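Chains as they are written, first to last, in this note's numbering: chain H, 43 to 177; chain V, 43 to 177; chain G, 43 to 177; chain C, 43 to 177.
There are 4 protein chains.
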Amino acid sequence: MYSATTKVRVRYGETDRMGYTYYGNYAQYYEIGRTDLMRQFGLTYRSFEDSGIILPVLTLNIKYIKPSYYDDLLTIKTTINNLPGIRIKFDYEIFNEQNELINIGDTTLVFVDEKTRNPRKPPEKFLKEIKKYFP
Amino acid sequence: MYSATTKVRVRYGETDRMGYTYYGNYAQYYEIGRTDLMRQFGLTYRSFEDSGIILPVLTLNIKYIKPSYYDDLLTIKTTINNLPGIRIKFDYEIFNEQNELINIGDTTLVFVDEKTRNPRKPPEKFLKEIKKYFP
Amino acid sequence: MYSATTKVRVRYGETDRMGYTYYGNYAQYYEIGRTDLMRQFGLTYRSFEDSGIILPVLTLNIKYIKPSYYDDLLTIKTTINNLPGIRIKFDYEIFNEQNELINIGDTTLVFVDEKTRNPRKPPEKFLKEIKKYFP
Amino acid sequence: MYSATTKVRVRYGETDRMGYTYYGNYAQYYEIGRTDLMRQFGLTYRSFEDSGIILPVLTLNIKYIKPSYYDDLLTIKTTINNLPGIRIKFDYEIFNEQNELINIGDTTLVFVDEKTRNPRKPPEKFLKEIKKYFP
């Protein structure tokens with residue numbers, strides 16, 4: 043298991059006329075969560091792409107528990123619960139400033155060769171590092 | 043069962059550096075789908091809100107089958123499979139111009155009183171109309 | 043001079059907690075306007091990119107006269123007032139359903155070679171067509 | 043004169059298929075800039091709205107000098123050059139990690155009473171504080 047937390051502040055343009063963060067914007071928050079997880083891990087998502095690997099999303103699931111509002115400083119906890127293979131799954135929990143769990147979800151992504159657009163194994167370096175957390 | 047289809051063209055700003063429609067933007071396409079379903083039904087989502095009812099989203103699930111690209115003209119098929127109560131579920135299928143199914147998903151929304159922010163029954167008029175499709 | 047009009051309906055996720063269309067979203071509406079202008083012209087922006095030309099934006103200016111609201115069906119009038127060279131300028135006027143002018147603006151874009159990322163002349167075919175409107 | 047700087051990291055969903063940050067997204071960066079300026083000033087934009095004042099945008103002008111890319115950590119410098127009255131103008135400069143100026147722009151906003159939607163003077167407290175910087 044490997045977890046990382048990151049903060050994101052709700053932007054004005056991310057709210058809707060209900061005054062809530064628009065439901066579609068959580069997908070971006072999740073992406074920030076997994077990007078920062080990888081960064082804290084010593085690898086950037088950009089470095090994946092620069093080495094010819096892209097990571098399209100296969101599935102997205104979100105459960106909205108409570109709304110968030112403009113200017114809220116949210117905490118995103120991102121977790122890898124299973125050793126990644128060709129696919130990698132991230133679980134997310136989002137907390138508001140009162141530390142209430144407001145949102146849970148997950149995404150599954152697939153490692154793809156940018157040129158051929160075929161699935162492929164993750165980079166060796168990444169696999170080697172992540173295996174330490176799944177003894 | 044009640045179904046409606048609508049068209050949406052992928053905008054430049056909706057693509058990402060993979061050249062695909064960004065995964066988070068499908069939430070907006072789903073919203074367009076259910077909005078147009080209600081419009082074809084003779085009711086607008088705006089009229090709900092104007093009568094003091096809001097419809098926040100409880101769950102969102104998306105399965106990405108194939109990517110879509112800038113300028114693609116997508117067809118969104120939105121279906122209500124169950125008679126709505128306090129909650130209403132919409133199922134979505136998105137097709138590209140080659141009529142390939144590229145994306146499926148669903149959302150569950152809840153009827154909420156704008157003032158009290160408590161769940162409530164759908165408007166009578168809407169219930170009466172929709173019941174015709176669930177004999 | 044060459045003008046084209048296109049319609050766009052304001053999406054829920056494009057509004058903000060004021061209930062207005064978020065000010066940043068007009069840039070997308072402008073892009074829809076110029077894309078449709080080129081399409082009505084028999085050329086797609088995608089065909090530019092497929093032939094190795096990209097069109098980054100150099101300047102954007104917007105004047106917000108009146109707000110627009112969720113579900114409004116807006117009319118975007120896009121105009122090329124000057125024969126394009128390496129640069130191409132588009133002027134925009136947006137009207138609401140009451141035919142009130144709610145927004146004016148302009149963008150200047152530059153033709154760039156995708157590989158070298160250097161400015162270049164527009165494609166011959168495009169120049170030839172557009173010249174007919176600037177006798 | 044009053045200046046503030048803030049950082050923003052370019053999100054994946056903010057890029058487009060050119061690989062650049064989509065031109066419309068700078069409006070959000072500007073909003074983050076002015077929001078953080080007001081926050082460092084001891085006032086939040088949210089507190090304005092909570093006291094019945096909204097701040098719609100009247101004009102937006104952007105000059106794109108260089109592109110930014112996914113994962114770039116940008117610095118936004120926001121400046122108030124003139125004592126605000128009913129209108130308030132913000133100037134922006136955006137720098138990349140190499141400290142290159144990549145983008146300049148400005149926005150003019152107007153203080154509006156949320157109920158009447160008429161222009162009004164800024165809150166006394168804000169005026170008193172900001173006047174210290176325009177002796």
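Beta carbons are placed, not taken as given, at the ideal position from N, Cα and C, and that holds for glycine.
The model shown is predicted, which means the values in this text are computed figures rather than measured ones.
- Which listed residue (C:LEU125, C:ASP148, C:ASP113) has its alpha carbon closest to that of LYS119 (chain C): C:ASP148
- Item | DSSP-derived helix/strand/coil call for ILE74 (chain H) | helix
- May I ask which residues mark the beginning and end of the beta strand (DSSP E) holding GLU135 (chain V)? 129-137
- Task: Given a cut-off of 9 Å, decide if ILE104 (chain V) and GLU156 (chain V) are closer than it, judged by their beta-carbon atoms.
- Result: No, Cβ-Cβ distance for GLU156 (chain V) and ILE104 (chain V) is not below 9 Å.
- Put LEU178 (chain H) into one of helix, strand or coil per three-state DSSP. Within the shown structure, residues of chain H are numbered from 43 to 177, placing residue 178 (chain H) beyond reach of any answer.
- So, do the stretch 43-51 of chain V and the stretch 82-99 of chain H have three or more beta carbon pairs nearer to each other than 8 Å? The stretch 43-51 of chain V vs the stretch 82-99 of chain H: no contact.
- Task: Take ASP133 (chain V) as the anchor and find which of V:LEU100, V:ASP114, V:PHE168, V:TYR72 has the nearest alpha-carbon.
- Result: V:TYR72
- Item | Cβ-Cβ separation, PRO98 (chain H) to VAL154 (chain H) (assumed contact under 8 Å), whole Å | 6 Å
- Message: For a quick check, are the C-beta atoms of ASP114 (chain G) and ARG59 (chain G) less than 9 Å apart?
- Response: Contact flag unset, no.
- What is the rounded straight-line gap between the Cα of PRO177 (chain V) and the Cα of GLY94 (chain V)? 29 Å
- By a C-beta neighbour count over all protein chains shown, 10 Å radius and 16 as the cutoff for buried, is THR63 (chain V) buried or exposed? buried
- In chain V, which residues lie with their C-beta within 8 Å of the C-beta of ASP113 (chain G)? THR77, THR86, TYR87, ARG88
- Buried or exposed by the 16-neighbour rule on C-beta atoms within 10 Å, applied to GLU56 (chain C): By the neighbour-count definition (other C-beta atoms within 10 Å, threshold 16), GLU56 (chain C) is a buried residue.
- Message: Would you say TYR140 (chain G) lies against chain V (beta-carbon separation less than 9 Å)?
- Response: For the sequence presented, residue 140 (chain G) should be read as Gln rather than Tyr. Taking Cβ atoms only, chain V never reaches closer than 9 Å to GLN140 (chain G), which makes this a no.
- If we ignore side chains and look at the alpha-carbon of each, how far apart do GLY127 (chain C) and ARG88 (chain C) end up? 19 Å
- Task: Run the CB neighbour count on ASP92 (chain V), radius 10 Å, all protein chains shown included, and call it buried at 16 or more, exposed below.
- Result: exposed
- Item | Short-range partners of chain G found in the stretch 88-103 of chain C, where Cβ spacing is below 7 Å | ILE96, PRO98, VAL99, LEU100, THR101, LEU102, ASN103
- With distances taken from CA atoms, which of H:LYS131, H:LEU169, H:TYR54, H:THR117 is nearest VAL152 (chain H)? That would be H:LYS131, whose Cα lies nearest to the Cα of VAL152 (chain H).
- Report yes or no: is there a C-beta of chain V within less than 9 Å of the C-beta of GLY147 (chain G)? no
- Item | Proximal residues to ASN123 (chain G) (C-beta, below 8 Å), its chain only, five neighbours per side dropped | So the list reads MET43, LYS131, ASP133, once near-sequence residues are dropped.
- Query: Mind checking THR121 (chain H): buried by the 16 CB within 10 Å criterion, or exposed?
  - Reply: buried
- Nearest-angstrom Cα separation, counted from ILE144 (chain V) out to ASN67 (chain H): 21 Å
- Beta carbon proximity, PRO165 (chain G) to chain C, threshold 9 Å: Cβ-Cβ to chain C under 9 Å: no for PRO165 (chain G).
- Message: Can you confirm whether GLU60 (chain C), when its beta carbon is compared against all beta carbons of chain V, has any partner nearer than 9 Å?
- Response: According to the sequence shown, residue 60 (chain C) is Met rather than Glu. With 9 Å as the cut-off, MET60 (chain C) counts as an interface residue toward chain V.
- Query: So, is THR158 (chain H) buried or exposed, given that buried needs 16 or more other C-beta atoms within 10 angstroms?
  - Reply: exposed
- Proximity below 9 Å, CB of TYR106 (chain C) to CB of TYR65 (chain C): Going by C-beta atoms, TYR106 (chain C) is nearer than 9 Å to TYR65 (chain C).
- Message: When you compare the CB of ILE130 (chain C) with every CB in chain H, is at least one pair closer than 9 Å?
- Response: no
- Unbroken alpha helix (DSSP H) run spanning TYR106 (chain G), endpoints: Looking at the DSSP string, TYR106 (chain G) is not in any alpha helix (DSSP H); the run it does join, the beta strand (DSSP E), is 99-106.
- TYR175 (chain C) to LEU125 (chain C), Cα distance in whole Å? 8 Å
- If I'm right that ILE136 (chain C) touches LEU116 (chain C) with Cβ under 8 Å, what's the distance once you round it to whole angstroms? Rounded, the Cβ-Cβ distance is 5 Å, consistent with contact.
- Task: Quick one: using the 10 Å Cβ neighbour count with 16 as the cut-off for buried, is GLN140 (chain G) buried or exposed?
- Result: Around the CB of GLN140 (chain G), fewer than 16 other CB atoms lie within 10 Å, so the residue is classed as exposed.
- Might you give, ordered along the chain, the residues of its own chain that have their beta carbon closer than 7 Å to the beta carbon of TYR54 (chain V), omitting 5 neighbours on each side? TYR112
- Task: To the nearest angstrom, report how far apart ASP78 (chain H) and ASN160 (chain H) are at their CA atoms.
- Result: 26 Å
- Message: Just to make sure I have the definition right: I need the residues of chain D whose C-beta is within less than 7 Å of the C-beta of GLY127 (chain H). Which are they?
- Response: Here the protein chains are H, V, G and C, and chain D is not one of them.
- Task: For the alpha helix (DSSP H) holding TYR87 (chain C), just list the boundary residues, first then last.
- Result: 87-92
- Query: Hey, would you say ALA69 (chain H) sits closer than 9 Å to LEU100 (chain H), going by beta carbons?
  - Reply: no
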